[in-house]
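Take a look at the structure set out below.
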Amino acid sequence: MAQEILSIKLRELEAQITRLLIRIQLSENDDNAHLQQAIEGLKRECGENELALKNRLQLSRSGIVSTISHTYGQIETIIHQCKDTLQAYASLRADPDQEAEEKILLAEYALDFSIQAANRALLLAMEAMAAQPTQPEERRRTQ
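Each residue of the sequence shown is one higher than the one before, counting from 24 in this note's numbering.
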């Protein structure tokens with residue numbers, strides 16, 4: 024059962040990465056008005072997804088989930104603080120080209136971090152699958 028759940032989640036991750044790639048490709052060719060609409064839509068979607076995740080975390084009965092929820096909250100706080108700091112730093116720049124270059128650099132590293140997070144998620148999923156008993160007698164021993 025756990026393998027099926029994790030396989031579904033990995034397919035969801037794959038679908039999200041595919042959507043990300045498509046959005047990047049479409050954004051490269053969009054004019055500024057369409058790009059701004061896409062940005063606003065994605066901000067809304069991120070907010071909705073964040074709220075849905077928080078709700079799922081709160082509804083879980085598992086004890087470990089409260090630790091995960093707390094850690095996720097800390098990560099979100101750090102991300103928002105970092106974004107605020109970077110925006111304050113960017114507002115001090117008089118050169119729009121330099122500001123754009125810094126945003127590109129930030130986006131590049133954010134994508135690098137997301138790849139690392141995806142790899143860590145895959146590793147956790149694989150370790151969870153490996154920890155599952157595979158033989159009926161192993162299952163009986165654990166019961």
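Built from N, CA and C at the ideal position, the CB exists for glycine as well.
Among the options, the one whose alpha carbon lies nearest that of residue i
i	options	result
Leu-80	Thr-94, Cys-69, Arg-67	Thr-94
Glu-99	Gln-121, Ala-123, Ala-111, Asn-72	Asn-72
Cys-105	Leu-58, Tyr-132, Leu-82	Tyr-132
Ile-62	Ile-47, Leu-29, Glu-150	Ile-47
Leu-129	Gln-110, Ala-140, Val-88	Gln-110
Lys-77	Gln-97, Leu-65, Lys-66	Gln-97
Straight-line Cα distance separating residue j from residue i
i	j	result
Ile-40	Ala-117	35 Å
Ala-176	Ala-151	The first residue shown for the chain is 24 and the last is 166, placing residue 176 beyond what the model contains.
Leu-29	Pro-156	15 Å
Thr-90	Glu-68	25 Å
Asp-107	Gly-70	17 Å
Contacts around residue i, its chain only, beta-carbon distance under 8 Å, and the 5 residues preceding and following it disregarded
i	result
Lys-126	Ala-113
CB contact check: residue i to chain D, cutoff 7 Å
i	result
Lys-126	Judged by its chain identifiers, the structure shown contains no chain D, having just a single protein chain.
Same chain, Cβ closer than 7 Å to residue i, five either side skipped, listed in chain order
i	result
Glu-27	none
Decide yes or no for the touch test of the stretch 28-39 against the stretch 142-161: beta carbon pairs closer than 8 Å, at least 3 of them.
With the cut-off at 8 Å, the stretch 28-39 and the stretch 142-161 touch.
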